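Counting from 1, position 233 in the sequence shown corresponds to residue 250 in my numbering; the numbering is continuous, with no gaps. In this text, a Cβ means the ideal position worked out from N, Cα and C, and glycines have one as well. Owing to the predicted nature of the structure, the values given are computational and were not obtained by experimental measurement. Right, one structure below, let's go through it.
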Amino acid sequence: MGREAQRELKAKNPRGPWLWPLALAAVGVVLLFDNFLLLQNFNVVALWPLLLVVIGAAILLRGDIVPSVDARTFSITRGSVEAATVEISAGVIDVQAQGLEREGRLIAGQYAANAKPDLSVSQNYAVLRMDRAETSWLSFADWILGLAVDLPWRIYVSTSLGQVDLDLSHVIIEGAVIATGVGDIRFVCPREAFGPSYLRSTLGNIHVVIPPGYNTRIVATGSPMFKIHADDRTFDQPAPGVYVNRDADDHAPLVEVHVSGTFGDAYLVLAHN
Numbered sequence: 018m019g020r021e022a023q024r025e026l027k028a029k030n031p032r033g034p035w036l037w038p039l040a041l042a043a044v045g046v047v048l049l050f051d052n053f054l055l056l057q058n059f060n061v062v063a064l065w066p067l068l069l070v071v072i073g074a075a076i077l078l079r080g081d082i083v084p085s086v087d088a089r090t091f092s093i094t095r096g097s098v099e100a101a102t103v104e105i106s107a108g109v110i111d112v113q114a115q116g117l118e119r120e121g122r123l124i125a126g127q128y129a130a131n132a133k134p135d136l137s138v139s140q141n142y143a144v145l146r147m148d149r150a151e152t153s154w155l156s157f158a159d160w161i162l163g164l165a166v167d168l169p170w171r172i173y174v175s176t177s178l179g180q181v182d183l184d185l186s187h188v189i190i191e192g193a194v195i196a197t198g199v200g201d202i203r204f205v206c207p208r209e210a211f212g213p214s215y216l217r218s219t220l221g222n223i224h225v226v227i228p229p230g231y232n233t234r235i236v237a238t239g240s241p242m243f244k245i246h247a248d249d250r251t252f253d254q255p256a257p258g259v260y261v262n263r264d265a266d267d268h269a270p271l272v273e274v275h276v277s278g279t280f281g282d283a284y285l286v287l288a289h290n
């Protein structure tokens, strides 16, 4: 990954590991006072819930328990690859992805500490796998990916307790399957797709964002517990549950997206210029 990308990732994680030193110093002071009998009738063991508080605060503020921001960056050159698949099983981790601005890279971004995406290449086709089970259970940092924009991708992302945010507005895809257990999905439609994309959340909201001029057909399955929200001034409904954006460019390739869920809402919106 280039220096510009590294600076961008660091900017997204500006907080240093200040919680652990503060907590250790506080516990050390209490133990010191206890050893010198300055604290009477005080049970030091009662401080153990403080550890849980610090761990929870560290995850909320930093996205990780162990301070290892620099170790999470990675980059893979494209080489002779002409098409690729990325398979992500993130568990409780949030996933973000967008197109790469720099040429010559297949994929780059931020992954769990002391781990690398698994890469296999056959002829000119690459398959990348990112599996929560292969990473440290102490690592809760978001997985942030940049995908090459000049080759087609198959994208598979699943989480059990994590959110997914994919901006594919500059990416070409062959198809995508995005599924969350408990977690929201934000999906910015690709500029070109050879096959449909499927978005599903068991408990969470789904946001489908259409860039200006893109030609998108959305098939949304609603239910009493999963409502579909689409502005009649923005979308036509040629059939029940089918939405097409009115501002589509006649020459833009058709992109089809299927949306479904159990509990939550789906929001179909146009991106701002």
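Sub-8 Å separation of residue i and residue j beta-carbons
i, j, result
"D201", "S218", "yes"
"F243", "T279", "yes"
"D262", "I223", "Here residue 262 turns out to be Asn, not Asp, going by the sequence shown. No, Cβ-Cβ distance for N262 and I223 is not below 8 Å."
"A125", "S156", "no"
"A288", "P229", "yes"
"V274", "I245", "no"
"L168", "V103", "no"
"A114", "L183", "yes"
"V174", "I105", "yes"
"A237", "A283", "yes"
"A107", "W160", "yes"
"P207", "V112", "no"
"R89", "A158", "yes"
Continuous beta strand (DSSP E) stretch holding residue i: start and end
i, result
"A237", "N232 to T238"
"S153", "Careful: S153 lies outside any beta strand (DSSP E) and carries neither H nor E."
"Q140", "No beta strand (DSSP E) holds Q140; DSSP gives it neither H nor E."
"K244", "F243 to A247"
"H224", "I223 to I227"
"T251", "Here T251 belongs to no beta strand (DSSP E), and DSSP marks it neither H nor E."
For residue i, the nearest candidate out of the options (CA to CA)
i, options, result
"Q127", "M147, Y142 and Y260", "M147"
"A143", "R149, A150 and P134", "P134"
"V166", "P229, G116, H246 and T102", "G116"
"D267", "N232, V286 and A283", "N232"
"R203", "A237, G108 and Q180", "Q180"
"V199", "G212, S177, A210 and C206", "S177"
"Q140", "A237, A283, G96 and R250", "G96"
"T94", "V112, L185, L145 and E209", "L145"
"D248", "L220, V286 and G221", "V286"
"L123", "N131, V112, L136 and V276", "L136"
"A132", "V138, E120, S153 and G121", "S153"
Bridge partner(s) assigned by DSSP for residue i
i, result
"M147", "I105"
"D201", "None; D201 has no bridge partner."
"I110", "None; I110 has no bridge partner."
"Y173", "E104 and V194"
"T94", "R122"
"V214", "The residue asked about is misnamed: residue 214 is Ser in this sequence, not Val. Beta-bridge pairing links S214 to A193 and V274."
For this session: Decide if the region 255–269 is in contact with the region 188–197; the criterion is three or more beta carbon pairs, one per stretch, under 8 Å apart.
Result: Touching, no.
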